[in-house]
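Undergrad: Let me give you the structure first, and then I'll get to my questions.
Numbering (the working numbering), first residue to last: 2 to 800.
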């Protein structure tokens with residue numbers, strides 16, 4: 002629909018006259034156009050966009066670009082002659098242009114339409130709606146004069162006149178419009194030159210396209226449980242809201258379901274390029290919610306009173322939907338609970354790293370009932386350090402997906418590189434490397450800005466695109482433009498790149514990306530149209546991993562550039578130290594636990610919640626506040642992290658207390674020097690425990706080491722300790738249970754022991770006297786048998 006109330010007729014006539022003489026170029030020089038009036042005061046008028054149609058231009062699109070929204074008068078007096086016009090700039094030709102379109106001056110938007118009157122007057126504080134449409138091309142003088150494919154910056158310019166005769170305008174409503182192909186002109190439509198009859202087209206090779214779609218939520222599980230807990234405890238019930246209709250996670254699934262529906266043209270192409278990046282901690286939590294759960298009344302008291310959670314049914318429905326999608330799409334696990342890989346590497350606990358990066362993938366596969374893609378790390382912040390790269394290389398993971406500016410390579414065209422071999426500064430070997438996959442950082446910035454609030458990314462450039470006041474529709478449209486740019490960037494007739502556009506499209510939004518299902522479908526639709534048009538081809542993430550890790554490929558070498566912005570938001574050192582100690586205590590206690598085939602609960606399953614609490618304490622979730630919001634919320638992850646670690650410390654201490662040797666009380670009497678000391682060891686845990694007994698006794702008392710003993714779950718066992726005592730008296734003995742590795746369990750006890758045994762000297766004297774007595778008796782019998790009087794009897798003859 003053409004916009005009503007077209008004004009500035011002389012301007013149109015002048016433009017038509019110029020076109021008739023020289024033809025209409027794709028970008029008119031500034032001197033060849035009438036310069037629009039400059040603004041005296043920005044944002045005295047405020048334009049808010051509500052809709053853009055189409056979001057990506059194809060040969061099947063309508064003939065016009067339609068933009069709708071509102072204009073608000075922010076001045077203190079009425080304004081008159083409120084007009085809207087569209088302006089466009091030349092297509093984006095470099096990453097710098099893509100990043101900085103919001104900083105272009107009005108003069109850069111050299112193609113402009115006539116004004117469209119949307120209100121004669123607008124009172125102070127009043128808002129009016131508008132919807133304007135202008136042709137993409139044509140010879141009528143009111144078109145945007147597109148002649149080629151590309152990604153074009155568009156400006157929606159609002160102007161008005163104050164009561165004092167001054168002009169006011171708003172130049173903030175800007176967005177990127179990707180043009181794949183132009184719709185054909187109707188036969189009756191006049192043209193302004195030959196270029197409008199046949200849009201310029203260049204035969205070009207399709208670029209590979211991969212989409213990684215995040216399904217992630219902040220850690221919600223209350224700390225302090227072990228694997229025998231019967232009911233899941235959550236810190237709040239916000240996850241139920243997110244899973245419900247209209248919630249963030251519901252909309253994330255809905256967008257995927259709609260985009261790959263069989264009736265959607267090109268949906269199978271999209272499905273082959275799409276992979277769901279799922280947080281295992283989220284899925285474990287949702288599965289636990291299914292069977293009923295509790296919500297703590299006070300998150301600051303995670304072990305305190307609870308109330309019944311309300312999302313059990315909702316959780317089951319959402320998880321079933323996810324399982325259905327997992328049967329059709331690639332799935333890959335993110336690091337569990339969005340753990341900071343740098344923090345995970347610095348605590349140097351391989352068991353915790355394995356659980357966060359490897360075991361979590363296996364758990365996700367089990368829950369979804371499908372094979373989850375392995376071999377790749379997806380850092381929460383899309384950056385890794387040398388230390389985290391070394392940790393990844395020590396796991397079964399083979400590669401990592403990072404932002405392109407996280408790596409400095411020796412390539413002459415670094416912006417076109419898709420892979421690199423990163424050198425790891427490691428004392429173990431000078432030749433250690435980690436193959437990495439790269440996604441374009443500029444595109445990533447614009448994708449992250451979409452949704453409810455722009456999310457700052459740690460790999461952001463010094464000149465990020467986008468004013469924080471830019472409205473949501475414009476930011477989402479910019480994301481569509483960024484997604485399309487690599488496929489539409491200028492190329493020569495021989496298909497050689499004429500820009501620094503990346504050679505592939507890898508879209509990896511930030512984990513807590515908050516887009517609606519409509520915004521998600523908008524991005525998926527753009528990707529589908531790129532695939533259907535042949536300007537892109539699907540590249541599954543599995544194929545990308547395989548290609549990245551091929552040893553027969555010549556990859557550029559590089560080193561990591563760790564951004565200062567991540568240093569500013571990473572897990573603090575004090576929390577890391579406590580997390581490292583708590584992790585060590587958990588692993589030390591693990592050495593005491595034993596497997597029992599007759600019991601379903603395994604040692605690792607019993608300790609899994611404690612390990613998960615440590616991982617959650619190191620989460621990046623919440624450490625980066627959305628642009629335009631307060632930074633005070635950044636303190637919450639640290640505060641919650643300290644609570645989680647404190648809970649782990651308390652839990653480990655409690656577990657130690659449950660394994661102890663019982664004090665018999667009174668005085669324990671040994672009947673002989675070799676009588677065993679009989680004691681009872683108690684295990685109150687639901688899993689078998691292996692223990693050693695350490696005995697501290699005085700000199701002269703020896704207790705034999707009875708080795709490792711296994712105590713039954715929730716049961717006792719009598720311990721018989723062989724004893725050797727060399728004297729007859731009462732003495733004290735200190736007893737302590739330990740793990741097989743001699744880490745203390747429970748409390749030490751002191752018992753009193755009385756020995757009735759003779760000392761060693763007395764034993765020798767007694768034995769000597771007995772021997773003499775036996776010798777004398779033998780002598781007497783010898784003489785008696787021979788009939789000889791015993792000399793000892795002389796002088797004692799009977800009378």
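Positions of the beta carbon are idealized from the N, C-alpha and C atoms, including for glycine.
For residue 24 and residue 146, what's the separation of their Cα atoms in angstroms?
TA: Reliability of the predicted coordinates at residue 24 is poor, the pLDDT of 32 falling under 50, and no value is obtained from them.
Undergrad: Go through its chain and collect everything with a Cβ distance to residue 786's Cβ below 8 Å, but skip five positions before and after it.
TA: Same-chain partners within the cutoff: there are none.
Undergrad: Can you tell me which of 326, 282 and 388 puts its alpha carbon nearest to the alpha carbon of residue 356?
TA: Of 326, 282 and 388, the residue nearest in Cα terms is 282.
Undergrad: Residue range of the alpha helix (DSSP H) that residue 325 falls in?
TA: Its alpha helix (DSSP H) spans residues 313 to 327.
Undergrad: Any chance the region 357 to 376 sits against the region 407 to 425, with 3 or more Cβ pairs inside 8 Å?
TA: No, the region 357 to 376 does not touch the region 407 to 425.
Undergrad: Starting from the C-beta of residue 778, find all residues in its chain whose C-beta is less than 8 Å away, skip the five residues before and the five after it, and write them out in chain order.
TA: Excluding sequence neighbours, residue 778 sits near nothing in its chain.
Undergrad: Which class does residue 697 belong to by DSSP, given the choice of helix, strand or coil?
TA: Strand.
Undergrad: May I have the straight-line CA-CA distance separating residue 554 from residue 374, to the nearest angstrom?
TA: Near 22 Å, if we compare the C-alpha coordinates of residue 374 and residue 554.
Undergrad: Given this structure, state the Cα-to-Cα distance separating residue 447 from residue 480, to the nearest angstrom.
TA: Looking at the two C-alpha atoms, the distance is approximately 5 Å.
Undergrad: Can you tell me the Cα-Cα spacing of residue 780 and residue 771, whole angstroms?
TA: When rounded, the distance between both Cα atoms is 14 Å.
Undergrad: Between residue 49 and residue 57, what straight-line distance do the alpha-carbon atoms span, to the nearest angstrom?
TA: Straight-line Cα distance between these residues: approximately 20 Å.
Undergrad: Just confirm the distance between the C-beta atoms of residue 279 and residue 211, as a whole number of angstroms; I'd bet it's less than 8 Å.
TA: Incorrect: roughly 16 Å between the Cβ atoms, too far for contact.
Undergrad: So does residue 562 have its beta carbon nearer than 7 Å to some heavy atom of the ligand ADP?
TA: Annotation note on the ligand ADP: not contained in the displayed structure, which lists no ligands.
Undergrad: Relative to the alpha-carbon of residue 591, which residue among 599, 424, 607 and 450 has its alpha-carbon at the smallest distance?
TA: Comparing Cα positions, the closest option is 607.
Undergrad: Could you give the distance in angstroms between the alpha-carbon of residue 248 and the alpha-carbon of residue 354?
TA: Roughly 31 Å separates the two Cα atoms.
Undergrad: Excluding the 5 residues flanking residue 782 on each side, which residues of the same chain have their C-beta closer than 8 Å to its C-beta?
TA: Same-chain partners within the cutoff: there are none.
Undergrad: Does the region 503 to 511 touch the region 107 to 124, meaning 3 or more C-beta pairs lie closer than 8 Å?
TA: Judged by Cβ distances under 8 Å, the region 107 to 124 makes no contact with the region 503 to 511, as fewer than three pairs qualify.
Undergrad: As a quick exercise: from 173, 315, 738 and 393, pick the residue whose alpha carbon is nearest that of residue 471.
TA: The candidate whose alpha carbon is nearest that of residue 471 is 173.
Undergrad: Going by alpha carbons, who is nearest to residue 275 out of 60, 542 and 473?
TA: For residue 275, the nearest C-alpha among the options comes from 542.
Undergrad: Three Cβ pairs or more, each shorter than 8 Å: is that satisfied between the region 336 to 347 and the region 300 to 314?
TA: Too few Cβ pairs lie closer than 8 Å, so no.
Undergrad: Just the Cα atoms here: how many angstroms apart are residue 642 and residue 476?
TA: Using only the alpha carbons, I get a separation of about 33 Å.
Undergrad: Do residue 135 and residue 65 have their beta-carbon atoms positioned less than 8 Å apart in this structure?
TA: Taking 8 Å as the Cβ cut-off, residue 65 and residue 135 qualify as a contacting pair.
Undergrad: Around the Cβ of residue 613, are there at least 16 other Cβ atoms within 10 angstroms (buried) or fewer (exposed)?
TA: Burial call: buried.
Undergrad: In terms of alpha-carbon separation, which member of 127, 115, 126 and 180 lies closest to residue 91?
TA: Per the Cα distances, 180.
Undergrad: In whole angstroms, what is the alpha-carbon distance linking residue 625 and residue 494?
TA: One C-alpha to the other measures close to 44 Å.
Undergrad: Could you tell me the boundaries of the alpha helix (DSSP H) in which residue 361 lies?
TA: First-last of the alpha helix (DSSP H) with residue 361: 361 to 369.
Undergrad: Quick check: residue 662 and residue 712, are their CB atoms within less than 8 Å of each other?
TA: No. Outside cutoff.
Undergrad: Tell me the rounded alpha-carbon separation between residue 328 and residue 350.
TA: Each residue's alpha carbon lies about 34 Å from the other.
Undergrad: Starting from residue 1 and walking both ways along the beta strand (DSSP E), at which residues does that stretch end?
TA: In this structure the chain extends from 2 to 800, so residue 1 is not present and cannot be described.
Undergrad: Tell me the rounded alpha-carbon separation between residue 361 and residue 437.
TA: When rounded, the distance between both Cα atoms is 21 Å.
Undergrad: Output needed for residue 29: all residues of its chain with C-beta closer than 8 Å, excluding positions within five of it in sequence on either side, in chain order.
TA: With a pLDDT of only 34 at residue 29, under the threshold of 50, the placement of this residue in the model should not be trusted; the figure read from the coordinates follows. Result list for residue 29: 111 and 112, in chain order.
Undergrad: Skipping 5 residues on each side, what residues in its chain have a beta carbon closer than 7 Å to that of residue 403?
TA: Taken in chain order, the residues that qualify are 380, 383, 384, 385, 437 and 439.
Undergrad: Please classify residue 684 as buried or exposed, where buried requires at least 16 other C-beta atoms within 10 Å of its C-beta.
TA: Residue 684 is buried by the Cβ-count criterion.
Undergrad: Just verifying my parser: in three-state terms, what is the DSSP assignment at residue 392?
TA: DSSP places residue 392 in helix when its eight states are reduced to three.
Undergrad: Buried or exposed: residue 655, going by 16 or more other Cβ atoms within 10 Å of its Cβ?
TA: Exposed, by the Cβ-count rule.
Undergrad: Could you check where the alpha helix (DSSP H) with residue 486 kicks off and where it finishes?
TA: Per DSSP, residue 486 belongs to the alpha helix (DSSP H) from 473 to 489.
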